[in-house]
Structure formats: C-alpha cells, structure tokens
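Participant:
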Amino acid sequence: MCGIVGYIGYKQAASFLLDGMSKLEYRGYDSAGVAVMENGRIRVDKCVGRLDALRQKLAGRMPVGTMGIGHTRWATHGRPSDRNAHPHTDPSGNFVVVHNGIIENYLSIKEELLAKGHCFLSETDTEVVAHLMADLYDGDFESTVKKVLQRIKGSYSLVFMCQMEPDKIICTKKDNPLIIGLGEGENYIASDIPAIINETRRTFIMSDGEIATVTADSVWVQDINGVPISKKVFEVSWNAEAAEKGGFEHFMLKEIYEQPKSMRDTMTGRVDAEALCIKFPELNWSPEEMAAVDRIFIVACGTAYHAGIVGKYYLEQLAKVPVEVDIASEFRYRHPLVDGNSLCIVISQSGETSDTLAALREAKRLGARTLAVTNVVGSSIARDADQVVYTYAGPEIAVASTKAYTTQLLAMLMFAIYIGRLRESLPEEKAKELVKGLTLIPEQIHQMLENVDQIKVFARKYGSCEDAFFIGRSLDYAVALEGALKLKEISYIHAEAYAAGELKHGTLALIVEGVPVIVLATQEDVYDKTVSNLQEVKAREAVVIAMGFVGDENLAKYADHVIYIPRTGKYLAPLLAVLPLQLLAYYAALTRGCDVDKPRNLAKSVTVE
Ligand code: F6R
C-alpha cells in the first residue's frame, strides 16, 4: 500500500516525484523519500512523517537531475523512521530501490549477506533487495535484476536505479500494482494512475513477472527469460481534476457528493430504463451455467465486506441462491466447502487487497467460478477473476470508502436482479418495479445531499461522545455495520453496530443516559420490532436518532431526532440510508479536528495480509 513514482526524461525529476507522491500519499504516509541521479551519483533524501516533512527537508537543496524514483511508505517491516523510509541503497550507493509489498524470504537472504560482511542500516525487507543487487551484480543492470527476482519470494512492485547505467530505470512487479506512463522524451512509473495524469494520459499496466526497462525515449518490457512482451497502451479517460478535491474541503466529502454520478455511471449500459430490465453485456456465463450454481460465496474486507452482507440479502431473496459471506482474511483458513457448483464473488474497491486476492485464488483453486466486483480496471483482482463487474465510482482517494460502497451495493442489486431473472426465481413484474426504483436513486441521493444541515447539527451536538451505537434489523442491520465503521475509522468515536434484536443479549448494559443510538427503521417487514427495540434503548435514556422514510410520523413519537430519507422500496433503502451515516461520520470527524482523508494507522489499499 505504499506509493511509488519514477521519472526519466529532460525535466527536473524531483519536482514530478514530489507532485506524483502527493497524489499517492493516501496509499501510505508514515514516511517518504526520493532518489535522484545527480551528477552521475545517486542522491537519496528521505524522512519520517508526511510528504511535507520531506519537502521541508529538500527546501533550498532540491536534488538536481532528470531521473529519479520516489516512495511514500506505510510501515510493514520496521517502524516508521528516517532509516526505514525508502528508497534503500546498497552500502556502496550504486543501487537504489523502492518497494511496495513484502519480501517473504528476506530474513534468510539477510543472514546470508550478513555472513558475507554486509551491514544493514534499516529493519526493512527492502534494504535486503538493494544489498542483493550489489551482491549479485554481474556488470549488467538488467541481468542482475533478473538474478534478484530469482532469489526473492513474496509480493512486490520494485523500481531500481543503478549508478553504473544512469540512463535507465528498471521496474517489475508481482501481486502489487505498477503502471507506466508514456510521454515524449520522458516516461513515468507509478503505483497508481493519479500520480501521472497531470503529465500524461497514455499508460499501460504492468503484469506479474514483467520487467520494464524505462529510458527517456523507450520502454522495453520482457519476461525473466528475455522474451519481449508487447503491451496494450490505453488513454486514461478521467482527468486530473477527477483525482483532485474539486473545491471540496476533503476528498471524502467530494466523494460523498459524487454518488449521484457514480450511481448513474454504474447503471449505464446495465439498466434498461425503457424495458425496465438489467443487462450485463460484459458477463458471458450462459443461463445453464448460472442455473448450475448452487451456492454463492461473497468474500471481501471492511466496507466491501459490508457491501457483501447486503449482497447476501439481495441474492438470497431475489435470486433464491444460498449465500455465505466471508471476511477475506478468514476465508482460506476456515476451509470453505467450495466446489465446481459454487460462485465466488469478491468485492474490492481497489482490486488489490491482498486478503481478497488470496481468497479469490483459493476459490479458483477449489474449482469455483469467480466474479470480481471492483472499481479499478486492470487491477490484480480484476485480472485474476473469471469475470468482472466494474463499479464506475471513479478514483476514490479518501481512505474511508463512500462512493465505492454505494456502487458496490448497486452492482450487487443489479446482479441479483439479473441472476434472479436468469434463474426465473424473480418474477418479471417484481424485477421491473425494482429497476424503476433504481432509476430514481441518483436523483434521490442528489436531493438528500442538498440538505445536510440537520446532520451537521447532530455532529456538533454529539461529536464529543466517546461511544455510539447503530442498530437495525435485516438490511438496516447491514447498513448499520457500515455506519459504525465509518464513524469509528474517521472520528475515532467508539462505534458498534448491532442487530436490533441482539442488543438485549448483552450490549444493552452499555446503553446509559446520553449515549447516542442511531436506529435504522426502513425495513417494513421488521418495522414494528425495530420500533420496540428503539423503545428499549430510549427507556435506558439513550439519545435516539432514528432514520425512516419521509412521511413516517410514528418515529418522532419515540425518538429524540428523526432523519428522513426519500421513500423507496426495501431493497433500495440501503442505497439511501447510508448517506446520512457517511455524512454524520464526516462532520463528527471535522468537529473533533480529525484528519478526515487520512485517518491514523489506516491506508487506502491494503496490499499486505
Ligand atoms: C473503510 C474501507 C476499508 C476497505 C477495505 C477493503 O472505509 O475503505 O474497510 O473497504 O480495506 O478495500 P478494497 O475494497 O479496496 O478491497
């Protein structure tokens, strides 16, 4: 989840590196560094802290040179420190490397190099790779990289410079993202597209095992045996502004406000508003294949897992297929009973989450058909799955996922309707009613975002609380889980979500005077029971903020406050109900002075287990 950038061309490298790193800082931000070829020597500057710390360090003494690599780090091996920050060099300073991922066998290599007299300055696995370059150097940069790749195990994106060949950067990857941006007389390397779109839109995505030798005028891609690989260059369709804040104070708020668009984009080509049906032109499973599926596994992490829980309700109730939902880091280790009649759906915004990728591979190994629901085109998960449904949320920069979540819910609902119709378990009229409701959702979200004053007031009033509870039943419970995660991850308020009926089996003991309890009451079939649970917490003098549909006069009789959302059907309600919860988390974090886009200890893309 670290950020990587590289530049070779005719401009000053350091200025691009710093700019590019600022676009990737969300990937990891406990330290940062750059290495620039300055007058034929590799100069490394790095320090712990945010990118600003590095900028300050460089102020007045910027490295001078037209080729360089940079890195923002999220610590995995070795605490955040100046020494552990990347780039790392070998003792002579002839080789320098930046790395994203984990070198699993670094300890055994380190022992071997220690025995040969190497001294290490850091605790990182990455420094071992730089030393290994020096140890295996055979007079040729490219062939030495290949030798190193034969020795290391693990996951990585690696970018190298070598003082003896100061006209090229070499990079490679395995299970971690890396892209190349193409310019005129200059070329770029990055772990993600936002880093380069200010400079170029022409890009290609590196695949596992490929080695790219990048000069100012050329990019040569080969495999470890020297077999040339021709890459498909594509134009990035979104612009630099789409990856910037666009006038909003934070990426998170911008992304919350982008939800009407991301919903429309994700429906495009799939929702037929005239025939009121769902199509998935990208899927090429036959109805027979779909009919053969007797169990679905949904696997994901964090917010994407919460989308999976909603997806379970959709698929079971609309498509009538039994569904199990798993946290990706648990999936492999519980030995799930996956077989050739199983469909495994992995949900991942980034498409790079290590646990989710591993779960996908395990499901494939066990013979399941696999489907990725992801937001990142060409991501590892997208490439590994048999079929992909892309969510078109656009780049999500804030660590806290918002628009990716709602597009994931949408994708799951569309998929459930689609499968329900294929398997003839969902009557046509019911499907039409759902699709009609879906077409109204972007405008309903838009209306909700027009008036958020009430949420700001709640955030100010209750933002100083140290605990909060979210309760609901059925789909409301699934949304409550996401509401609680949003609040805790960015405001650091301890928040818990409970199935409303479960509260009295223990947690009710924590409900005391003044504790805010957010009660979701949008599911008609369990509405009365939810209102009873609301009264249970009210009786313990909790502050109850209830959420229901416009026109529900009942809730106001029992709750301290009511948030009204536009009326919609029960399956569509999660798409709207989560919005006030995202906003509540955002404004509560603001009230508490938290770093909304970069919450402590978290990173956007979790590419380590
Ligand atoms: C929370 C959040 C995380 C991610 C999780 C999975 O706001 O964003 O919980 O949902 O790390 O990430 P992806 O979806 O990229 O696999």
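Residues -10 to 598 (the numbering used here) are what the sequence shown spells out, left to right.
Quick reminder that beta carbons are idealized off the backbone N, C-alpha and C, glycines included.
Take every Cβ of the stretch 422 to 430, pair it with every Cβ of the stretch 265 to 281, and state whether three or more of those distances are shorter than 8 Å.
Facilitator: Short answer: they touch.
Participant: Can you tell me the Cα-Cα spacing of residue 234 and residue 125, whole angstroms?
Facilitator: Roughly 45 Å between the two C-alpha positions.
Participant: At the level of alpha carbons, what is the spacing between residue 477 and residue 484?
Facilitator: C-alpha separation (whole angstroms): 6 Å.
Participant: Please say whether residue 118 and residue 92 have beta carbons closer to each other than 9 Å?
Facilitator: In contact: residue 92 and residue 118 (Cβ atoms closer than 9 Å).
Participant: Within the same chain, show all residues whose beta-carbon is closer than 7 Å to that of residue 299, passing over the 5 residues directly before and after it, in chain order.
Facilitator: Excluding positions up to five away in sequence, the list reads 398, 401, 464, 467, 563.
Participant: Just to confirm the assignment, what range does the alpha helix (DSSP H) spanning residue 406 have?
Facilitator: First-last of the alpha helix (DSSP H) with residue 406: 392 to 411.
Participant: In or out: residue 153 buried (at least 16 other Cβ within 10 Å) or exposed?
Facilitator: Looking at its Cβ environment, which holds fewer than 16 other Cβ atoms inside 10 Å, residue 153 is exposed.
Participant: Using a Cβ distance threshold of 8 Å, determine whether the stretch 550 to 558 contacts the stretch 517 to 525, with at least three qualifying pairs required.
Facilitator: No, they do not touch.
Participant: Hey, out of 517, 365, 482, 410, whose CA is closest to residue 180's CA?
Facilitator: Nearest option by C-alpha distance: 365.
Participant: I need the boundaries of the beta strand (DSSP E) containing residue 456, first residue and last residue.
Facilitator: Residues 456 to 461.
Participant: Mapping DSSP to helix, strand and coil, what is residue 106?
Facilitator: Residue 106 falls in the coil class under three-state DSSP.
Participant: Using the Cα positions of residue 183 and residue 435, report the straight-line distance between them to the nearest angstrom.
Facilitator: Spanning the two alpha carbons is a distance of roughly 26 Å.
Participant: Less than 8 Å between the CB atoms is what I'm expecting for residue 289 and residue 317, so what's the real figure, rounded?
Facilitator: Rounded, the Cβ-Cβ distance is 6 Å, consistent with contact.
Participant: Under 9 Å between the Cβ atoms of residue 60 and residue 151?
Facilitator: The answer is no: Cβ separation not under 9 Å.
Participant: Would residue 577 pass as a contact of residue 394 if the rule is Cβ separation under 9 Å?
Facilitator: No, the Cβ-Cβ distance between residue 577 and residue 394 is not below 9 Å.
Participant: What does the alpha-carbon distance come out to for the pair residue 250 and residue 102?
Facilitator: Cα to Cα, residue 250 sits roughly 54 Å from residue 102.
Participant: Going by DSSP in three states, residue 585 sits in which element: helix, strand or coil?
Facilitator: Here residue 585 sits in coil by DSSP.
Participant: Helix, strand or coil: which one does DSSP assign to residue 472?
Facilitator: Three-state result, residue 472: helix.
Participant: Indicate the three-state DSSP secondary structure (helix, strand or coil) for residue 635 in the structure shown.
Facilitator: Outside the displayed range of the chain (-10 to 598) lies residue 635, so it cannot be described from this structure.
Participant: Apply the 10 Å Cβ neighbour rule to residue 113 and answer buried if 16 or more other Cβ atoms are within range, or exposed otherwise.
Facilitator: Per the 10 Å Cβ criterion, buried.
Participant: Between which residues of its own chain and residue 79 is the CB-CB distance below 7 Å, once the five residues before and five after are set aside?
Facilitator: So the list reads 119, 120, 122, 123, once near-sequence residues are dropped.
Participant: Quick check: residue -2 and residue 30, are their CB atoms within less than 9 Å of each other?
Facilitator: Not a contact, by the Cβ cut-off of 9 Å.
Participant: Determine the direct distance from the alpha carbon of residue 202 to that of residue 225, and round the result to whole angstroms.
Facilitator: So the two alpha carbons sit approximately 22 Å from each other.
Participant: For a test of the three-state rule: what should DSSP assign to residue 22, helix, strand or coil?
Facilitator: In the structure shown, residue 22 sits in a strand (DSSP, three-state: E or B).
Participant: Looking only at its own chain, which residues have a Cβ that is under 8 Å from the Cβ of residue 541, when we skip the five neighbours before and after it?
Facilitator: Taken in chain order, the residues that qualify are 510, 551, 553.
Participant: Kindly indicate which three-state DSSP category residue 596 falls into: helix, strand or coil?
Facilitator: Residue state, collapsed to three classes: coil.
Participant: Could you work out which residue in 386, 259, 141, 325 is closest to residue 356 when comparing CA atoms only?
Facilitator: The shortest Cα separation from residue 356 among 386, 259, 141, 325 belongs to 325.
Participant: Beta-carbon within less than 7 Å of residue 502's beta-carbon, same chain only, minus the 5 sequence neighbours each way: which residues are those?
Facilitator: Only 530 meet the Cβ criterion.
Participant: Who does residue 536 pair with in a DSSP beta bridge?
Facilitator: Looking at the DSSP assignment, residue 536 forms a beta bridge with 509, 552.
Participant: Under 8 Å from any heavy atom of the ligand F6R, does the C-beta of residue 345 make it?
Facilitator: Checking every heavy atom of the ligand F6R against the Cβ of residue 345, one is found closer than 8 Å.
Participant: Name the residue from 327, 369, 107, 332 whose alpha carbon lies nearest to the alpha carbon of residue 345.
Facilitator: When each option's Cα is compared against that of residue 345, the closest is 369.
Participant: Can you tell which of 140, 164, 561 has the C-alpha that lies nearest to the C-alpha of residue 419?
Facilitator: Selected option, being the one with the closest Cα: 561.
Participant: Buried or exposed, going by whether 16 or more other CB atoms sit within 10 Å of the CB of residue 161?
Facilitator: Buried is the call here.
Participant: Is the stretch 336 to 344 touching the stretch 281 to 296 in the sense that three or more CB pairs, one from each, lie closer than 8 Å?
Facilitator: Yes: at least three Cβ pairs fall under 8 Å.
Participant: Taking the alpha-carbon of residue 115 as reference, which of 470, 89, 331 has the nearest alpha-carbon?
Facilitator: The shortest C-alpha separation from residue 115 is found at 89.
Participant: Where are the alpha helix (DSSP H) runs, 4 residues long or more, that stay fully inside the stretch 181 to 268, in chain order?
Facilitator: Correct list: 240 to 246, 248 to 256.
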